[in-house]
Amino acid sequence: MTKHTETALTYVTLTQADGAAFWVKLGPLATDAAAVKEIGSQIVNNERYTWVFALDGDEVVGCGAFVAPRKSGDPAWLDFGYVKPSHRWQGIWKELFDRRIALARSAEVTHLRVCTRVLARALEARGFATYQQRGSWSYMERDLTAAPTAKAA
Numbered sequence: 004m005t006k007h008t009e010t011a012l013t014y015v016t017l018t019q020a021d022g023a024a025f026w027v028k029l030g031p032l033a034t035d036a037a038a039v040k041e042i043g044s045q046i047v048n049n050e051r052y053t054w055v056f057a058l059d060g061d062e063v064v065g066c067g068a069f070v071a072p073r074k075s076g077d078p079a080w081l082d083f084g085y086v087k088p089s090h091r092w093q094g095i096w097k098e099l100f101d102r103r104i105a106l107a108r109s110a111e112v113t114h115l116r117v118c119t120r121v122l123a124r125a126l127e128a129r130g131f132a133t134y135q136q137r138g139s140w141s142y143m144e145r146d147l148t149a150a151p152t153a154k155a156a
């Protein structure tokens, strides 16, 4: 478990190997019908997932997962990025995003993918490009070895 505090919020990085400390954080979000509806799918987890949680006191107000590649050379994924409506527009999404990019870099990932319905513009500004469109879902990828743009750094 890694813990960082920033402007009254605490950011915690956990995996299922952290046991109860992990499940206490993920459980309430995984069973929050409004969050699941907005995310667009049921929240899942396995040993490839590393989660970053944004905490306001003991309350989880945001989260996002870095999903390690299945095998060397495969892309990694960013998944389940979510911030509670009561805590939006405070930089939490950006902080969760940046921390997951740092996880990808520390894992020496070269390509990172994400699937989104609503964040395509924000992700394009951070160096992602759409490689496939399926209905309202944009499948996007970023080459982490390429020179970053000013916003994508």
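For reference, each letter of the sequence shown is one residue, going 4 to 156 in our numbering. For every residue, glycine included, the Cβ atom is placed at its ideal position computed from N, Cα and C. Treat the numbers as computed from the prediction; the structure is a model and nothing was measured.
Name, in chain order, the residues that DSSP records as bridge partners for residue i.
i, result
"L235", "Outside the displayed span of the chain (4 to 156) sits residue 235, for which this structure offers no information."
"W92", "Answer is none; W92 lacks a bridge partner."
With 16 as the cutoff for other CB atoms within 10 Å, does residue i come out buried or exposed?
i, result
"D77", "exposed"
"S141", "buried"
"R129", "buried"
"R103", "buried"
"Y85", "buried"
"A50", "One point to set straight first is that residue 50 is Glu, not Ala, in the sequence displayed. It counts as exposed."
"W92", "exposed"
"R145", "buried"
"A37", "exposed"
So, under 8 Å CB-CB, residue i and residue j are touching, yes? Tell me the CB distance rounded to an integer number of Å.
i, j, result
"V55", "T16", "5 Å"
"C66", "L32", "6 Å"
"A79", "A125", "Between A125 and A79 the Cβ distance is about 19 Å, and since that is not below 8 Å, they are no contact."
Output the distance between the C-alpha atoms of residue i and residue j, rounded to the nearest integer angstrom.
i, j, result
"Q136", "V70", "21 Å"
"L115", "T148", "10 Å"
"K40", "V121", "13 Å"
"G138", "D82", "18 Å"
"G30", "P72", "24 Å"
"E98", "A57", "9 Å"
"Y14", "D21", "15 Å"
"G60", "K28", "12 Å"
"T133", "A123", "8 Å"
"F131", "K74", "22 Å"
"A23", "S89", "26 Å"
Please work out which residues of its chain come closer than 6 Å, Cβ to Cβ, to residue i, disregarding the five sequence neighbours upstream and downstream, and give them in chain order.
i, result
"L106", "T53 and F69"
"C118", "W140 and Y142"
"T113", "L147 and T148"
Can you find the residues in the same chain that come closer than 8 Å, C-beta to C-beta, to residue i, ignoring five residues on each side of it along the sequence?
i, result
"T18", "F25, E50, Y52, T53 and W54"
"F100", "G67, L81, G84 and R129"
Suppose the cutoff is 7 Å on Cβ atoms and the five residues either side in sequence are ignored; what does the same chain contact list for residue i look like?
i, result
"I42", "F83 and Y85"
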